[in-house]
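The opening residue of the sequence shown carries number 635 in our numbering; numbering runs sequentially from there. Structure first, then comments.
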Amino acid sequence: MRDDDVRYQTKTSTEVNKKVTFWFATGGAGFCVSRALALKMMPIAASGKFVAIGDKIRFPDDVTMGFLVEHILKVPLTVIDAFHSHLEPMEFIRPETFHDQVSFSYARMRNEWNVVKVDGGFDLKTDPKRIYSLHCYLYPFFSICPKSIRRR
């Protein structure tokens, strides 16, 4: 785990004064669950039980996922640096590594966009979130990409 990762603390209703610490699975970045873990989760989370857990601990779905996996099932989450959340500065992802990444994200924070720095042929007004530009950087021969990019 990285030092800058976020951990959550919550109190469980069965032990009112006990604090529980766990990592959460950032939904904005995406996360993967193995088939084995999904099958292990089914009795606890299927048929609306996942939502009930989230309501009980009063956290959003990605934090509830971390609580369920790490605290209830005792399965440690694995950090994969190729998943990128809006909670990290996107500008530091180097363009030469874009092909190696699994996911990207974006967010508007303090009146600024937290987006990847990429030259994909679209200006900031047309593509403020840089998704089209990122797509054309990675796949320049698509018809939506400006001709100047397709010639690379």
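Even glycine gets a Cβ: it sits at the ideal position worked out from N, Cα and C. All of these numbers come straight from a predicted model, not from anything done at the bench.
Considered as a whole, the segment 661-720 harbours no complete run of any beta strand (DSSP E) with no fewer than 3 residues.
Note on Ala716: under 16 other CB atoms within 10 angstroms of its CB, so exposed under the neighbour-count rule. Of all alpha-carbon atoms in Cys666, Glu725 and Gln735, the one lying nearest the alpha-carbon of Ala741 is that of Glu725.
Between Leu702 and Ala672 the beta-carbon gap is near 11 Å, outside 8 Å, which marks them as no contact.
When the alpha-carbon of Val654 is set against those of Gly662, Lys708 and Pro677, the nearest one is in Lys708. Glu722 sits in coil when the DSSP states are folded into three classes, being neither helix nor strand. When the Cα atoms are used, Ile727 and Val750 turn out to be separated by approximately 7 Å. Ser777 counts as exposed, since fewer than 16 other C-beta atoms from the protein chains shown sit within 10 angstroms of its C-beta. Per DSSP, Arg764 is not a residue of any beta strand (DSSP E), being assigned neither H nor E. Annotation: Phe656 to Asp757 spans about 41 Å, alpha carbon to alpha carbon.
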